[in-house]
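Input: a single structure, listed below in structure tokens.
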Amino acid sequence: MAIYHLSIKIISRGKGKSAVAASAYRSGEKIKNEYDGIVHDFTRKGGIAHTEILLPENAPQEFLDRGTLWNSVEKIEKSKNSQLAREIEVALPKELDREKQIELIREYVKENFVKVGMCADIALYDKNDGNPHCHILLTMRPLNEDTTWGAKSKKEYILDENREKIKLKNGNYKTRKINTTDWNEQDKAEEWRKAWADITNKYLEENSIQNKVDHRSYLRQGIEQIPTIHLGVSATQMEKKGIATDRGNINREIKHQNAILREISRRIKALLNWIRGIGKEEKAENENTKSTLPPKENLLSFFENLIHKNADKNNADLEKYIESYQLLKEKNITSINQLKESITDLRDKNYKTTRALKDTEKKIDDRIQLIDQSEKYLKNKDTYKVYAKLKKSKQEDFYNEHTAELILFESTKKYLKDHLGESKTLAISKWKTEVSTLKKEKKSLYNQILEIREEVEQAEKVKTCIEQLQEQKRQLSQVKRNELDL
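Counting from 1, one number per residue, gives the positions in the sequence shown under UniProt numbering.
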């Protein structure tokens, strides 16, 4: 089944990153960074299915060589905290063959990035693990007509009400920075995410594949469903081999819960549609037939009479009549309108409980992620310390030998900084305790969902009894009409 995934991040020199290193790693090539003299050799890296560079019309052809392209970027960016490149990672539909996957990524990149002036370096990965994906490295500076790099921004003087420049105390004039492109605008990310969903669905439809993807969250789609958690490479590989993992077990539990949530929502919707139909039937005028509905204000009396009439008969439905009567009496429901209100309340209760369950599941996942990232950070911290103390001339060999550990350290460090802010405390024990508490809350909420399902089942029994009576009355009325016709 096609899945939607698109993530965006910035390759920044201020965070110790290099555009040359990123390109070499993604493409599996050997490239020397002219900025710092480090050679990045990833020629032994596997899983790379296709690489390609796509350029706008005003880009020099020598940029088709990724070493030339990204060294040019490193050279033009002078600041120690320069933003060097934007990386977009997308999941590719495994239902498409390799040729179609490449066509898909080309069209997406050309239409959304190259067309507006970005240079794009793409690397398609497929490790035969069921997770084909593509890394797209994009330049962040526009190109001039003469193929030179343009400015990312320009200064604009701020004017007063008389359209005069405003002079500051230091003698300078007040200015503001104006971006020369809209590539960093907040709504661009949403635009790119939607574009990827749209073009993916187009290719799926063209290839007669029924699945569709959606860039919106379940909440924005209006779907009451708990998102599954990210498995990660290691857990994915183990699950593929038939080895159960903790994360895999969590996802299986979530999928089971989602199936129940969908079932409950569907059944409640059916009940409400039925009730609305009764309302319309009550208003309908029929000259030949009296209403087949129970009297509006005496549902309890209706079921009491029904039970009394069938008490001495061998009626298989008697038990359902009694259960329906007990439910209505317990909830003090005496009319169809009150029954409708009860089902509406049940729908609202289901919605609130589902939202609480989703929120609790997210809190659990957030803490599990913090625990996992912290443990990986601590595991690789010593390796990074050794690397940081080495002279630059020796760092390259050490980096190539310990690439995975160092990249993992950097990624976990960034994750923890993004999620913990200024706090440097890795409260692993505290998070584990919180996970345990949250799991108990989740179990309690799930039990409430099961109770709601039982209430839905009881309401359905009431519906069945009323429908049976309606049908019996219709048949009796038809018999009487036939007799009158004779």
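For each residue, glycine too, the CB sits at the ideal point set by N, CA and C.
These numbers come from a predicted model, not from an experiment.
Could you check what DSSP says for residue i in three-state terms: helix, strand or coil?
i           : result
THR289      : Bear in mind that the predicted position of THR289 carries a pLDDT of just 45, short of 50, making it unreliable; the figure below should be weighed with that in mind. Looking at THR289 - three-state DSSP - the assignment turns out to be coil, as it is neither helix nor strand.
residue 494 : Nothing about residue 494 can be reported from this structure: the residues present for the chain run from 1 to 486 only.
LEU416      : helix
ALA427      : coil
LYS269      : helix
ILE88       : strand
GLN210      : coil
LYS432      : helix
LYS241      : coil
GLY277      : helix
ASP198      : helix
GLY421      : coil
ASN18       : The question names Asn, but residue 18 is Ser in the sequence shown. Here SER18 sits in coil by DSSP.
ALA25       : Checking the sequence, you will find Tyr at residue 25 rather than Ala. TYR25 falls in the helix class under three-state DSSP.
TYR36       : According to the sequence as given, residue 36 is Asp; it is not Tyr. In this structure, ASP36 counts as coil in the three-state DSSP scheme.
ILE333      : coil
LYS461      : helix
GLU191      : helix
ILE407      : helix
GLU205      : helix
GLU264      : Position check: residue 264 holds Ile in this sequence, whereas Glu was assumed. ILE264 falls in the helix class under three-state DSSP.
GLU95       : coil
ALA259      : helix
ILE250      : helix
By the DSSP assignment, the alpha helix (DSSP H) with residue i in it spans what residues?
i      : result
ARG367 : 336 to 389
GLN395 : 392 to 401
SER324 : 318 to 330
GLY110 : First, the residue type needs correcting, since residue 110 is Lys and not Gly in the sequence shown. From DSSP, the alpha helix (DSSP H) with LYS110 extends over 98 to 112.
LEU6   : First-last for LEU6: 6 to 12, but that is the beta strand (DSSP E), not the alpha helix (DSSP H).
SER301 : 299 to 310
GLY67  : 66 to 76
Exposed or buried, residue i, counting other C-beta atoms within 10 Å across all chains shown (16 or more means buried)?
i      : result
LYS15  : exposed
GLN373 : buried
ILE166 : exposed
ARG44  : exposed
SER342 : buried
ALA404 : exposed
ARG247 : buried
LEU159 : exposed
THR139 : buried
LEU168 : exposed
GLY117 : buried
Got a sec? Which residues, its chain only, sit under 8 angstroms from residue i by beta carbon, not counting five neighbours each side?
i      : result
THR180 : PRO142, GLY150, ALA151, LYS152, SER153 and LYS154
LYS381 : PHE409
THR147 : ASN58, ALA59 and PRO60
ILE105 : VAL90, LEU92, ILE122, LEU124, CYS134 and ILE136
Which residues does DSSP pair with residue i in a beta bridge?
i      : result
ASP121 : ILE53 and LEU137
ASP41  : LYS30
GLU468 : Note that residue 468 is Gln in the sequence shown here, rather than Glu. None; GLN468 has no bridge partner.
ASN184 : DSSP, once it has assigned bridges, lists no residue as partnering ASN184.
LYS165 : LEU159
ILE48  : TYR125
ASN179 : SER153
GLN83  : SER12
LEU143 : TRP149
State the start and end residues of the unbroken beta strand (DSSP E) segment that holds residue i.
i      : result
LYS152 : Counting along the chain, LYS152 falls outside any beta strand (DSSP E), and DSSP gives it neither H nor E.
Can you give me the Cβ contacts of residue i inside the same chain, cut-off strictly under 7 angstroms, excluding the 5 residues immediately before and after it?
i      : result
TRP196 : LEU6, VAL90, TYR108 and HIS215
ILE10  : GLN83 and ARG86
THR289 : Low local confidence applies: a pLDDT of 45 at THR289 is under 50, so the model's placement there is unreliable, and no value is given.
TYR377 : PHE409, THR412, LYS413 and LEU416
LYS329 : LEU300
GLY28  : PHE42, THR43, LYS45 and ILE48
For a test of your reading of the model: does the CB of residue i fall under 7 angstroms from any non-hydrogen atom of the ligand SAM? Yes or no.
i      : result
ASN172 : In terms of ligand content, the structure shown is empty, and the ligand SAM therefore cannot be addressed.
Take residue i and list the residues in its own chain whose beta-carbon comes closer than 6 angstroms to its own, dropping the five residues that flank it on each side.
i      : result
ARG367 : TRP431, GLU434 and VAL435
SER12  : GLN83
LYS417 : none
LEU271 : ILE343 and ALA459
LEU438 : THR360, LYS363 and ILE364
TRP70  : ALA19, VAL20 and SER23
LEU306 : TYR321
ILE428 : ILE371 and SER374
GLY47  : TYR125 and LYS127
LYS17  : ILE11
PRO56  : VAL114 and GLY117
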